[in-house]
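Let me begin by presenting the structure, written as C-alpha cells, before commenting on it.
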Amino acid sequence: MSVPRLVSSFSNRNYRLLWCANWIEYSTRNMQIVLLAWFVLDLTDSPFLVALVAFFGMAPSFLLGMIGGWLADRVNKRKLMIFSGFLGLCIALMMLIAISFFAVHFWYGYIVIFAVGFATAITNPSRRSLYIELLGPKGVTNGAALDGVGMQSSKMLGPIVAGGLIALFGIQGGYLVVSFLYFIGLILIYRIRFPDHQNLFVSNDRFQIFNNIKEGLVYALSNKVIFSTLLITIVMNMLYFPFQPMVPVIARDVLQVGPLLMGILFASEGFGAVLGSLLIASRSSIIFQGRYYILGSFFAASGLLFFGVSNSYILAYFALLIAGIGVSGFATMQSTIVLITARENVRGRALGVITLGIGTQPIGALIIGALASFQGPVFAVTIHSTLAIILVSLVAVLFRKLWGRISVDNVQK
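Counting with the working numbering, you get residues -9 to 403 for the letters of the sequence shown.
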C-alpha cells in the first residue's frame, strides 16, 4: 500500500479543509444518533419509539433530497454549508440547555434529529459535488474514498465517545461536546476557498426550480447506471441502515451490556468501514466501481444477518465489523459512480436523486420498529438483512451495466 497514493487528495489544501469539516459533520450526526436513541429508550423503554429517531433523522432527505441537489447546482455552497453548521450549533445548544435546566420529554429527541437531518439533506449533494470540483475526474475516487474513511471513522469513534459520555456525564455531556464540534466545523468551512465556477449550470430564473428538478430526475432515471445505483441505494437505506437504532435495544436486552459496551458495539461497523475505505483509497486505479458497490452492499447485508442471529457480544461485534467492510464499498462508490457518469450541468441534481433514495430510510425505520415491537429486535434485523441480500442480488442480475466499466460513455443523452 503506497502511503502517498493513499492520501494523494490531501495535497489539495481546500480538500483537506473540506475533509475535516465533513468529518465533524459526520461525527456530530453519529454521536447524536446514539445520544438520542439512548435518550428515547431511557424515557420510554419502547423499541418502536427508539426506531422513530432514525425515521425523523432521515425524513428530510426524502422530502428535500431533490431540493438539495438543485441547491448544489444553483446557490453558493459556502453560504449553504455555513447555514447548515450554524443551524446544527443552535439546535445542539438548545438541547443542552433543555436537558440541563428543564423537564424533558422523549419527543424532544425527534425535533433535534429532524433538524440535523434537514441540515444534512440540503448540503449533502453540495459536499459530494465538491470532490470532483476540487480534485477533477482523476482524483474523485481517491477523494471519495478518503471522505469515506472520515465518514466511517466517525461512525466508529462517534458512538464510542457518545456511549462513554453518557456513562460518565449523561446526555448533557454528549451535547456539550457536540456543540463544540459544530463550532470548530464552522471555522473550517470559513477557511475553504470554493471554486469560482460553481453554480453556473441552472437558469437564473428562480421560478424554474421545479423544471430544473424535473430535468435532473428524468435524467437520472433514464441513465441505467445511475438508476441501478439509485435502486441499491433504496434497498440499503430501507433494509440495512435502519438497524442502527436497534443496536442499543439489542445491546441492552439481548447481549445485556451497558452504554459503554453498547457504544463500542455500535462503533464496530464504522471500524470495518474505515479498513475497507483505506483499502479502496490505496488503489491507484479502480475501473469497475460498480462491482465494489454491488459486492459491498451484499457483504454489508450478510454481516447484518449474522449480527441479528448472534447471542454473543464478541460474535455480534465481528458481524458488524464485516458489515462495515461491505459498507465501505457501498458508501465510497455510491457518489463516485454518479460523479463520473453524470453530465456536469446536472451533476448536483443527479446526486439529489441519490439523496432522495437515501431519504427512504424512514420507511425502513418504521417497518423495523414495528417488527421489533411485535416480534423483537432480533427478528426485525434478521428479516431486513435477508431481504436486502435478495434484492441487491436481483439488481445485480437485472442491471449488468453497473457490473461493467463505469465511465461518461455510459451517459444516455
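By construction, the Cβ of each residue, glycine as well, lies at the ideal position given by its N, Cα and C atoms.
For residue i, collect the residues of the same chain with a Cβ closer than 7 Å to its Cβ; drop the 5 residues on either side in sequence, then sort them by chain order.
{"i": "residue 190", "result": "Residue placement at residue 190 cannot be trusted, given a pLDDT of 49 that sits under 50; what the coordinates show is reported in the next sentence. Excluding sequence neighbours, residue 190 sits near nothing in its chain."}
{"i": "residue 370", "result": "236, 358, 361 and 362"}
{"i": "residue 30", "result": "39, 40, 43, 96 and 99"}
{"i": "residue 285", "result": "319"}
{"i": "residue 267", "result": "135, 138, 139, 142, 318 and 322"}
{"i": "residue 249", "result": "28, 153, 156 and 157"}
{"i": "residue 35", "result": "none"}
{"i": "residue 114", "result": "58 and 345"}
Within the same chain, show all residues whose beta-carbon is closer than 6 Å to that of residue i, passing over the 5 residues directly before and after it, in chain order.
{"i": "residue 25", "result": "152, 161 and 164"}
{"i": "residue 321", "result": "138"}
{"i": "residue 155", "result": "163 and 164"}
{"i": "residue 27", "result": "40, 43, 235 and 238"}
{"i": "residue 121", "result": "130, 133 and 134"}
{"i": "residue -4", "result": "271 and 272"}
{"i": "residue 217", "result": "211"}
Does the distance from the C-beta atom of residue i to that of residue j stay below 8 Å?
{"i": "residue 225", "j": "residue 37", "result": "no"}
{"i": "residue 111", "j": "residue 54", "result": "yes"}
{"i": "residue 19", "j": "residue 102", "result": "no"}
{"i": "residue 49", "j": "residue 271", "result": "no"}
{"i": "residue 291", "j": "residue 379", "result": "yes"}
{"i": "residue 227", "j": "residue 354", "result": "yes"}
{"i": "residue 183", "j": "residue 4", "result": "yes"}
{"i": "residue 7", "j": "residue 181", "result": "yes"}
{"i": "residue 336", "j": "residue 209", "result": "yes"}
In chain order, what residues of the same chain lie with their CB nearer than 8 Å to the CB of residue i, ignoring the 5 residues before and after it?
{"i": "residue 116", "result": "58, 61, 62, 67, 70, 71 and 338"}
{"i": "residue 299", "result": "368 and 372"}
{"i": "residue 167", "result": "21, 151 and 155"}
{"i": "residue 244", "result": "301, 367 and 368"}
{"i": "residue 247", "result": "241, 255 and 303"}
Just the Cα atoms here: how many angstroms apart are residue i and residue j?
{"i": "residue 56", "j": "residue 219", "result": "16 Å"}
{"i": "residue 389", "j": "residue 81", "result": "42 Å"}
{"i": "residue 331", "j": "residue 340", "result": "10 Å"}
{"i": "residue 302", "j": "residue 289", "result": "20 Å"}
{"i": "residue 93", "j": "residue 169", "result": "20 Å"}
{"i": "residue 213", "j": "residue 251", "result": "45 Å"}
{"i": "residue 392", "j": "residue 382", "result": "12 Å"}
{"i": "residue 233", "j": "residue 342", "result": "24 Å"}
{"i": "residue 77", "j": "residue 9", "result": "20 Å"}
{"i": "residue 283", "j": "residue 328", "result": "12 Å"}
{"i": "residue 148", "j": "residue 263", "result": "14 Å"}
{"i": "residue 326", "j": "residue 158", "result": "40 Å"}
{"i": "residue 229", "j": "residue 356", "result": "11 Å"}
{"i": "residue 83", "j": "residue 32", "result": "21 Å"}
{"i": "residue 315", "j": "residue 265", "result": "7 Å"}
{"i": "residue 73", "j": "residue 79", "result": "10 Å"}
{"i": "residue 185", "j": "residue 123", "result": "7 Å"}
{"i": "residue 215", "j": "residue 333", "result": "13 Å"}
{"i": "residue 45", "j": "residue 104", "result": "9 Å"}
{"i": "residue 374", "j": "residue -1", "result": "36 Å"}
{"i": "residue 366", "j": "residue 231", "result": "17 Å"}
{"i": "residue 2", "j": "residue 146", "result": "26 Å"}
{"i": "residue 207", "j": "residue 52", "result": "14 Å"}
{"i": "residue 75", "j": "residue 171", "result": "10 Å"}
{"i": "residue 377", "j": "residue 223", "result": "14 Å"}
What I want to know is whether the C-beta of residue i ends up closer than 7 Å to one or more non-hydrogen atoms of the ligand MN.
{"i": "residue 214", "result": "Annotation note on the ligand MN: not contained in the displayed structure, which lists no ligands."}
Just confirm the distance between the C-beta atoms of residue i and residue j, as a whole number of angstroms; I'd bet it's less than 8 Å.
{"i": "residue 221", "j": "residue 385", "result": "5 Å"}
{"i": "residue 144", "j": "residue 287", "result": "That pair is no contact at about 20 Å."}
{"i": "residue 47", "j": "residue 14", "result": "Rounded, the Cβ-Cβ distance is 17 Å, inconsistent with contact."}
{"i": "residue 150", "j": "residue 254", "result": "6 Å"}
{"i": "residue 179", "j": "residue 313", "result": "In fact, because the Cβ distance is near 32 Å, the residues do not count as touching under 8 Å."}
{"i": "residue 324", "j": "residue 344", "result": "6 Å"}
If we cut at 8 Å on Cβ distances, does residue i have a partner in chain C?
{"i": "residue 220", "result": "In the displayed structure, chain C is absent; only one protein chain is listed."}
Sufficient close CB pairs (3 or more, under 8 Å) joining the region 83 to 98 to the region 115 to 128 | no
Would you call the region 172 to 188 and the region 346 to 356 touching, i.e. three or more CB-CB distances under 8 Å?
-> no
Counting pairs of Cβ atoms below 8 Å between the region 78 to 93 and the region 282 to 295, do you hit three or more?
-> no
Using 8 Å as the threshold, is the region 308 to 316 in touch with the region 246 to 258, meaning 3 or more CB pairs across them?
-> yes
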